[in-house]
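Numbering (our numbering), first residue to last: 6 to 396. No residue lacks a Cβ here, since even glycine has one placed at the ideal position from N, Cα and C. As the structure is a computational prediction, the values presented were derived from the model and not from experiment. Take a look at the structure set out below.
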């Protein structure tokens, strides 16, 4: 069975990176055949700048914002760093959760290193939902600061009701940032409806090229510029350096492609995800799905196979590309911090696989994956039952 890149692997790791959309690939190839620095004043430079402007509008349309509110970055990690470093001031609370991506958690720890009491982690339930009611307790004694919560969890797909968080933050005079990396191009996003001040994203999560992303900065927020890169002052002083014209154009094309038929695509992917879960549950009834099932991304499922190490299962089905958790934490000696925060034991966290589907996933791949999972789990379990353990 051919995967999205023509390989023999069925791809179920869209949360790590999505296959590049044909529209994005064509746009990148076309612009890479041209020359021009978008900051140059000659004709090739003006042409490059025009292409960048078009891409900025395409991305703005996907977000429901003005093109002037978008800052291009190298990805969501840089955007998260820019957002939190600009929004946080010592003495004010920085409120986030223990299930955030490391790009937010580690940045939050870094900016509050001199005043660790300013970092506040909200409780998380066993269903993966952040306890937004706890915001009232935080702001009962403190005001201002910034609330940073991801729109959709990268491991479980569980969604955060950002409107509830924004309401509590507004009443306390706090800013709101969201890492929207996983939700972009998968469910509709309207920054005005969400009422956020800052939003981070990466192109490669919705079918654009890797190495490019953006930070939405709400007009009128008057945040201080605290760039990670200084130099020529590009992107209104937020990020110096020659613009990645090809990457930006590819992101714009991917954003436009993702916006077309977004609702229908989400419904199709959700049905495929549900089919995969049904087949796996029938074949392996002891398996468990993690996270709130009625409040998550359409293409994500986190499945625990009790007593069966996830790395062994993945090794036993090389024709299926899935993940033990966040690709950014691969090789880490500790299990998923997300699953541990939800109350899973270390053993269960180590026995959990994330399957993430996307725009190019087919029903045949889902059927194939379900058979492969059953075979691999059964094989590993049998090996573990042997007197000498797995060989």
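- prompt: Assuming residue 347 and residue 133 make a contact with CB atoms under 8 Å, what is their CB distance in whole Å?
  reply: 5 Å
- prompt: From which residue to which residue does the alpha helix (DSSP H) around residue 36 run?
  reply: 27-37
field: Residue range of the alpha helix (DSSP H) that includes residue 302
entry: Element bounds for residue 302: n/a, residue is neither H nor E.
query: When the Cα of residue 164 is compared with those of 185, 149 and 146, which residue comes out closest?
result: 185
query: Nearest-angstrom Cα distance between residue 131 and residue 120?
result: 30 Å
message: To the nearest angstrom, how far is the alpha carbon of residue 200 from that of residue 33?
response: 33 Å
query: I think residue 258 touches residue 77, with their Cβ atoms under 8 Å apart; what is that distance to the nearest whole Å?
result: That pair is no contact at about 14 Å.
message: Quick check: the Cα distance between residue 280 and residue 135, rounded to an integer number of angstroms?
response: 27 Å
field: Three or more C-beta pairs below 8 Å linking the segment 143-161 and the segment 174-190
entry: yes
Neighbourhood of residue 129 by C-beta, 8 Å cutoff - its chain only, sequence neighbours within 5 removed: 102, 103, 104, 135, 136, 346 and 347
query: CB-CB under 7 Å to residue 75, same chain, minus the five flanking residues each way: which ones, in chain order?
result: 61, 64, 65, 219 and 221
query: So is the beta-carbon of residue 70 under 7 Å away from any non-hydrogen atom of the ligand MG?
result: The ligand MG is absent from the structure shown, which contains no ligands of any kind.
- request: Could you pull out every unbroken alpha helix (DSSP H) segment of at least 4 residues lying fully inside the segment 128-176, listed in chain order?
  value: 139-146 and 167-176
- prompt: Exposed or buried, what is residue 350 when buried is set at 16 or more other beta-carbons lying within 10 Å of its beta-carbon?
  reply: exposed
query: In terms of residues, what are the limits of the beta strand (DSSP E) holding residue 100?
result: 99-101
- prompt: Hey, how far is the Cα of residue 396 from the Cα of residue 388?
  reply: Residue placement at residue 396 cannot be trusted, given a pLDDT of 47 that sits under 50; what the coordinates show is reported in the next sentence. Cα-Cα distance, rounded: 7 Å.
- request: State buried or exposed for residue 306, treating a residue as buried only when at least 16 other CB atoms are found within 10 Å of its CB.
  value: buried
- prompt: Which residues in the same chain as residue 264 place their Cβ atom closer than 7 Å to its Cβ, once the five residues preceding and following it in sequence are excluded?
  reply: 66 and 67
query: Do three or more CB pairs link the segment 81-89 to the segment 276-292 at distances below 8 Å?
result: no
- prompt: residue 71: which of 252, 308 and 223 sits nearest, CA to CA?
  reply: 223
task: Report the residue from 244, 92, 252 and 53 whose alpha carbon sits nearest the alpha carbon of residue 116.
output: 92
task: Tell me whether the beta-carbon of residue 16 lies closer than 8 Å to the beta-carbon of residue 212.
output: no
query: Taking contact to mean at least 3 C-beta pairs separated by less than 8 Å, is the segment 286-305 in contact with the segment 322-330?
result: no
Residue 184 - containing alpha helix (DSSP H), residue span: Element bounds for residue 184: not the alpha helix (DSSP H) but the beta strand (DSSP E), 180-184.
message: Can you check which of these residues, 53, 96 and 386, is closest to residue 291 by C-alpha distance?
response: 386
- prompt: Which class does residue 78 belong to by DSSP, given the choice of helix, strand or coil?
  reply: strand
field: Burial state of residue 308, where buried means 16 or more other Cβ atoms lie within 10 Å
entry: buried
task: Tell me whether residue 86 sits in a helix, a strand or coil according to DSSP, three-state version.
output: helix
field: Same chain only: Cβ atoms within 7 Å of residue 171, ignoring 5 sequence neighbours per side
entry: 181, 199, 200 and 201
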